[in-house]
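Numbering (numbering that gives the first Met the number 0), first residue to last: 0 to 227. For glycine and all other residues, C-beta sits at the position ideal for the given N, C-alpha and C. To keep things clear, I will list the structure first and then write my remarks on it.
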Amino acid sequence: MANIDLGAGKEIRITHTPDLALKFEPDDLSALVKWAVDLINGNQDIPGYKSQQVNKIIVGDEEPEYIEVDQSNSSFRYGNYLVKIRKKLDLTNRSIRVLSALSKSRFENTPKYFGHVELEVFGKSVEFITVYEFIEDSTDGWTWAPQKLVSNDLYWVNQLGQICAEMHRDLKSIAIDENINYLEVSEKLINNLDNDYQKPDNYDFQSYPDPDEVFGLWQEISSKYFAK
């Protein structure tokens, strides 16, 4: 794996563990963000690294700001952009395949994608750093969903369902792994569902959806979608 030359005698050394977790100095992350943006804007390929630009990234005198959030990547705000640095490589490049399909279909319900950097490992180019539009006052999904679920206004559920349906429609162009029998996998998941749910006696659902009603609804309509 090639080291990154920042010039002026500065170099970032990158290694990885057997399970493809990346190792580099935390103090190098900010410089890594700037390097990646420059590489993407120049649409350059250098030994060990490739870049792809979809839209021009325009930054002024801002410095990258680390975003404190529990996730599997290191994220920075850099001007009006979100820069994601992978902590662990994915040889399937699923994220890039999804981004590419949604961009081509002009799907509007994800942050705008500006470009990415790939690094070469085991003879394969793998997503390393990706740049998106930064959404002001946004909340990570792990925080957003529970907050919305306790709301008495559930109109957003219909909107979310429609958006998810549109997203899956636009993802149909992605080639699937024909070695996997997805119907068989789905059947195993269905058979493993716990159908003997019991609500705790002390459960107070005044501000929450009633789990008995939710589970009853699931039993009522699931047969329409999951054939036994």
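Give a yes or no on whether the C-beta atoms belonging to residue i and residue j are separated by under 9 angstroms.
| i | j | result |
| --- | --- | --- |
| residue 29 | residue 65 | yes |
| residue 106 | residue 131 | no |
| residue 34 | residue 13 | no |
| residue 59 | residue 47 | no |
| residue 19 | residue 116 | no |
| residue 124 | residue 49 | yes |
| residue 70 | residue 139 | yes |
| residue 51 | residue 42 | yes |
| residue 87 | residue 21 | yes |
Label residue i either buried or exposed according to how many other C-beta atoms from any shown protein chain fall within 10 Å of its C-beta, with 16 as the threshold for buried.
| i | result |
| --- | --- |
| residue 25 | exposed |
| residue 171 | exposed |
| residue 137 | exposed |
| residue 32 | buried |
| residue 85 | buried |
| residue 82 | buried |
| residue 249 | Not covered by the structure: residue 249. The range shown for the chain is 0 to 227. |
Pick from the options: whose alpha carbon is nearest that of residue i?
| i | options | result |
| --- | --- | --- |
| residue 126 | 191, 99, 60, 169 | 99 |
| residue 93 | 174, 16, 135 | 174 |
| residue 76 | 134, 53, 145 | 134 |
| residue 89 | 15, 47, 167 | 15 |
| residue 36 | 53, 186, 159 | 53 |
| residue 111 | 219, 55, 40 | 55 |
| residue 9 | 0, 27, 17 | 27 |
| residue 0 | 87, 7, 118, 51 | 118 |
Bridge partners of residue i, per DSSP?
| i | result |
| --- | --- |
| residue 71 | None, per the DSSP bridge assignment. |
| residue 57 | In the DSSP output, where bridge partners are listed per residue, residue 57 has none listed. |
Which ranges does the beta strand (DSSP E) cover as unbroken runs of at least 3 residues, wholly within the stretch 86-142, from first to last along the chain?
-> Runs of the beta strand (DSSP E) inside the stretch 86-142: 112-120, 123-132.
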